[in-house]
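Position one of the sequence shown corresponds to residue 1 (UniProt numbering), numbered consecutively onward. Beta carbons are placed, not taken as given, at the ideal position from N, Cα and C, and that holds for glycine. Working notes for the structure below.
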Amino acid sequence: MDVSPAEPGSPPAGPPPAATGVPGSTGAAFPAGPPSAGAASSGVLPPVGAASSGVLPSAGAVSPAAPPSAGAALPRRVHAGYALGSLATGAFGTVPGLLLLPYLTDTLGVAAGLAALLVLLPKAWDVLVNPVAGRISDRTRSPLGPRRPWLLGAGLALAVLFAAIFAAPFGVGPAAGAYVAVAFLATATAFAFFQVPYVAMPAELTDDAAERTRLMSWRVAVLALAILISGAVAPIVVTAGGEGLAGHRWMGVFVAALIALGALGAFLGTRSAATGTVTATEPTLRAQLAVVAADRPFRALLLCFVIQSAGVATILAGVSYFAAQILRDPTTGPTVLFACFVGPALLVMPLWTRLGARLGKKTALVAASLLLAAGAAVLVAAPVLPAAAVYAVVALLGVGYAGQQVFALALLPDCVAASTARTGRRQAGVFTGLWTAGETLGLALGPGIYGLALALSGYVSSATGTAAPQPPTARLGVLLAFTVLPALLIAPATLLLRPHPYLPTPTPPTPTPPTPTPPTPTRPVDQGLVAGTKAAKIHGKATTSP
Numbered sequence: 001m002d003v004s005p006a007e008p009g010s011p012p013a014g015p016p017p018a019a020t021g022v023p024g025s026t027g028a029a030f031p032a033g034p035p036s037a038g039a040a041s042s043g044v045l046p047p048v049g050a051a052s053s054g055v056l057p058s059a060g061a062v063s064p065a066a067p068p069s070a071g072a073a074l075p076r077r078v079h080a081g082y083a084l085g086s087l088a089t090g091a092f093g094t095v096p097g098l099l100l101l102p103y104l105t106d107t108l109g110v111a112a113g114l115a116a117l118l119v120l121l122p123k124a125w126d127v128l129v130n131p132v133a134g135r136i137s138d139r140t141r142s143p144l145g146p147r148r149p150w151l152l153g154a155g156l157a158l159a160v161l162f163a164a165i166f167a168a169p170f171g172v173g174p175a176a177g178a179y180v181a182v183a184f185l186a187t188a189t190a191f192a193f194f195q196v197p198y199v200a201m202p203a204e205l206t207d208d209a210a211e212r213t214r215l216m217s218w219r220v221a222v223l224a225l226a227i228l229i230s231g232a233v234a235p236i237v238v239t240a241g242g243e244g245l246a247g248h249r250w251m252g253v254f255v256a257a258l259i260a261l262g263a264l265g266a267f268l269g270t271r272s273a274a275t276g277t278v279t280a281t282e283p284t285l286r287a288q289l290a291v292v293a294a295d296r297p298f299r300a301l302l303l304c305f306v307i308q309s310a311g312v313a314t315i316l317a318g319v320s321y322f323a324a325q326i327l328r329d330p331t332t333g334p335t336v337l338f339a340c341f342v343g344p345a346l347l348v349m350p351l352w353t354r355l356g357a358r359l360g361k362k363t364a365l366v367a368a369s370l371l372l373a374a375g376a377a378v379l380v381a382a383p384v385l386p387a388a389a390v391y392a393v394v395a396l397l398g399v400g401y402a403g404q405q406v407f408a409l410a411l412l413p414d415c416v417a418a419s420t421a422r423t424g425r426r427q428a429g430v431f432t433g434l435w436t437a438g439e440t441l442g443l444a445l446g447p448g449i450y451g452l453a454l455a456l457s458g459y460v461s462s463a464t465g466t467a468a469p470q471p472p473t474a475r476l477g478v479l480l481a482f483t484v485l486p487a488l489l490i491a492p493a494t495l496l497l498r499p500h501p502y503l504p505t506p507t508p509p510t511p512t513p514p515t516p517t518p519p520t521p522t523r524p525v526d527q528g529l530v531a532g533t534k535a536a537k538i539h540g541k542a543t544t545s546p
């Protein structure tokens, strides 16, 4: 595999594809229903860690060797194969955010403030690595294409390293916490080299905005399923494995198997898709970042998504604490909460799809975000609500979360396509790298915010595998950090999209010479009479012509 850069000044192999979809348009980019009748195509894109998201990797320009026509539909096997990669992104995005902070505070005995820092720093490192991963991916030359080699190599490395996070070779205590930080750092690096190429692929697999949204719907469905399985089953595996260190080791192996399955599925499932060849690119990473920074709609969408990802990650980080301290159900509470949060997402995708087609993607994104924030705010009353009511509110919150994820990720490929059409260069890697870096930062800030709230409220750590008794201030911190703080992050972030409609600037149409039309026979006009008529009008006189 050759990752040497393409010639910086070489012209593009062909004209840039026209942007066929405009974010915010009222429907072209949305399928009428789920991708397949029976598949869990109605899933939502829970950005529980990965991004969900996705973003376009960086500098090199990649254009398909045989680009699909604007209206060509991708084979279903490509839809399904690509979507399987979300098993890896969903599992990695979910489980560390859900269990890593409680693992540090309640199993390894690490203080809450230090635990928050240990979770935050490796993710912050990813913010720097993602654009580099995008640039390397863009410039990769391989018979397998620029993206697929990374799906295989980085995906399998991600699986092995994830299991290593929870191996606990040093037992409990400060050394164990330091080991987790180093292992998590290595795992986050491998994830960057899998996630960035993976998220860059849709903009290169097809030029059709509607087809990209269908592809994204498949991905969202599998992502929702992956998040549901990993998030709901991982705590069960910990309990079944004996709690403590042993239970977490078994859980690490279980999630690693999901990641490996997703990486292999994406690699094999996209083998029949166009591989792409490296064409023109900006010569330096700085030049590429400058191009993306000048894209105002992308900046607005990215900043909004980063802040909202921090809010969602704060909720995710608090699930175990909320179940134990507020619901008083540390055994089954996390699994039920997570299932109520993600489960409805599998059912509401067709509804969000139709709403997006009617209102436009941007408006639907705002509506979903406000529903998500409202659900989080209502949960502040959880201590006085029956458990059934709490779970019902969590399900409503999950409905909003589904739409928020879907529409943000559906707008991204449209933005990239518009930039490609406008500049004549494919820079999916740069966009994806920055998007993934931003999402990673948001998802890292969530556990950091929650851990800081625990530290400030006096949370007591434990090395026994179960939470220690907590003072009232700590329980209040658990509640507010799970409800009010996320709402204050998610709802105001939508204001970032207000100054202008989220519509990438379309490429001006190429002027075409007008088709001459035969003149319509008319009666000759006496120019003198016409002139006289005008003069008469000037002097207030009426003149008639024969």
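Assigned exposure category for residue i - 16 Cβ within 10 Å defines buried
| i | result |
| --- | --- |
| Arg-498 | exposed |
| Leu-108 | buried |
| Val-222 | buried |
| Arg-147 | buried |
| Leu-411 | buried |
| Gly-177 | buried |
| Leu-351 | exposed |
| Val-199 | buried |
| Leu-128 | exposed |
| Gly-446 | buried |
| Ala-232 | buried |
| Thr-270 | buried |
| residue 547 | Coverage of the chain is limited to positions 1 through 546, which leaves residue 547 absent and any answer about it impossible. |
Distance, residue j Cα to residue i Cα
| i | j | result |
| --- | --- | --- |
| Ala-240 | Ala-324 | 18 Å |
| Val-237 | Leu-104 | 17 Å |
| Tyr-321 | Ala-188 | 24 Å |
| Cys-415 | Pro-297 | 8 Å |
| Ala-167 | Leu-101 | 16 Å |
| Ser-185 | Ala-381 | For the sequence presented, residue 185 should be read as Leu rather than Ser. If I take the Cα positions, the gap works out to 37 Å. |
| Val-306 | Ala-234 | 26 Å |
| Asp-319 | Val-78 | A small correction: the amino acid at residue 319 is Val; Asp does not occupy that position in the sequence shown. The straight-line gap from Cα to Cα measures roughly 35 Å. |
| Ala-257 | Val-132 | 27 Å |
| Ala-389 | Glu-243 | 29 Å |
| Ile-326 | Ala-224 | 26 Å |
| Asp-295 | Ala-124 | 24 Å |
| Tyr-179 | Gly-155 | 22 Å |
| Val-430 | Arg-286 | 10 Å |
| Ile-165 | Ser-230 | 16 Å |
| Leu-98 | Ala-317 | 5 Å |
| Ser-457 | Pro-471 | 9 Å |
| Lys-362 | Leu-443 | 22 Å |
| Val-384 | Arg-475 | 14 Å |
| Ala-337 | Ala-175 | One point to set straight first is that residue 337 is Leu, not Ala, in the sequence displayed. Cα to Cα, Leu-337 sits roughly 32 Å from Ala-175. |
| Gly-85 | Leu-152 | 10 Å |
Residue i versus the options, residue with shortest Cα-Cα distance
| i | options | result |
| --- | --- | --- |
| Val-484 | Ala-373, Ala-263, Leu-99, Thr-494 | Ala-373 |
| Thr-353 | Leu-409, Thr-332, Leu-327 | Leu-409 |
| Ala-310 | Ala-91, Val-127, Leu-98, Leu-489 | Leu-489 |
| Val-378 | Val-172, Gly-247, Leu-84, Leu-479 | Leu-479 |
| residue 550 | Gly-262, Leu-74, Ala-91, Asp-126 | No answer is possible for residue 550: the residues shown for the chain start at 1 and end at 546. |
| Ile-449 | Thr-94, Ala-115, Ala-437 | Ala-115 |
| Val-460 | Ala-437, Leu-355, Val-110 | Val-110 |
| Thr-464 | Phe-338, Leu-495, His-248 | His-248 |
| Arg-299 | Gly-360, Gly-262, Ala-183, Thr-432 | Thr-432 |
| Trp-435 | Pro-197, Gly-171, Ile-229 | Pro-197 |
| Leu-120 | Ala-88, Thr-494, Leu-441 | Leu-441 |
| Thr-206 | Gly-477, Thr-94, Ala-73, Ala-364 | Ala-73 |
| Cys-304 | Ala-402, Ala-395, Ala-491 | Ala-491 |
Coil, strand or helix - residue i by DSSP
| i | result |
| --- | --- |
| Arg-141 | strand |
| residue 598 | The first residue shown for the chain is 1 and the last is 546, placing residue 598 beyond what the model contains. |
| Ile-165 | helix |
| Thr-505 | For Thr-505, the pLDDT reaches just 42, beneath the cut-off of 50, and the residue's location in the model is therefore unreliable, although a value from the coordinates is still provided. Looking at Thr-505 - three-state DSSP - the assignment turns out to be coil, as it is neither helix nor strand. |
| Arg-354 | helix |
| Met-201 | coil |
| Ile-326 | coil |
| Val-460 | coil |
| Asp-106 | helix |
| Gln-470 | coil |
| Pro-486 | helix |
| Leu-385 | coil |
| Phe-194 | helix |
| Glu-243 | coil |
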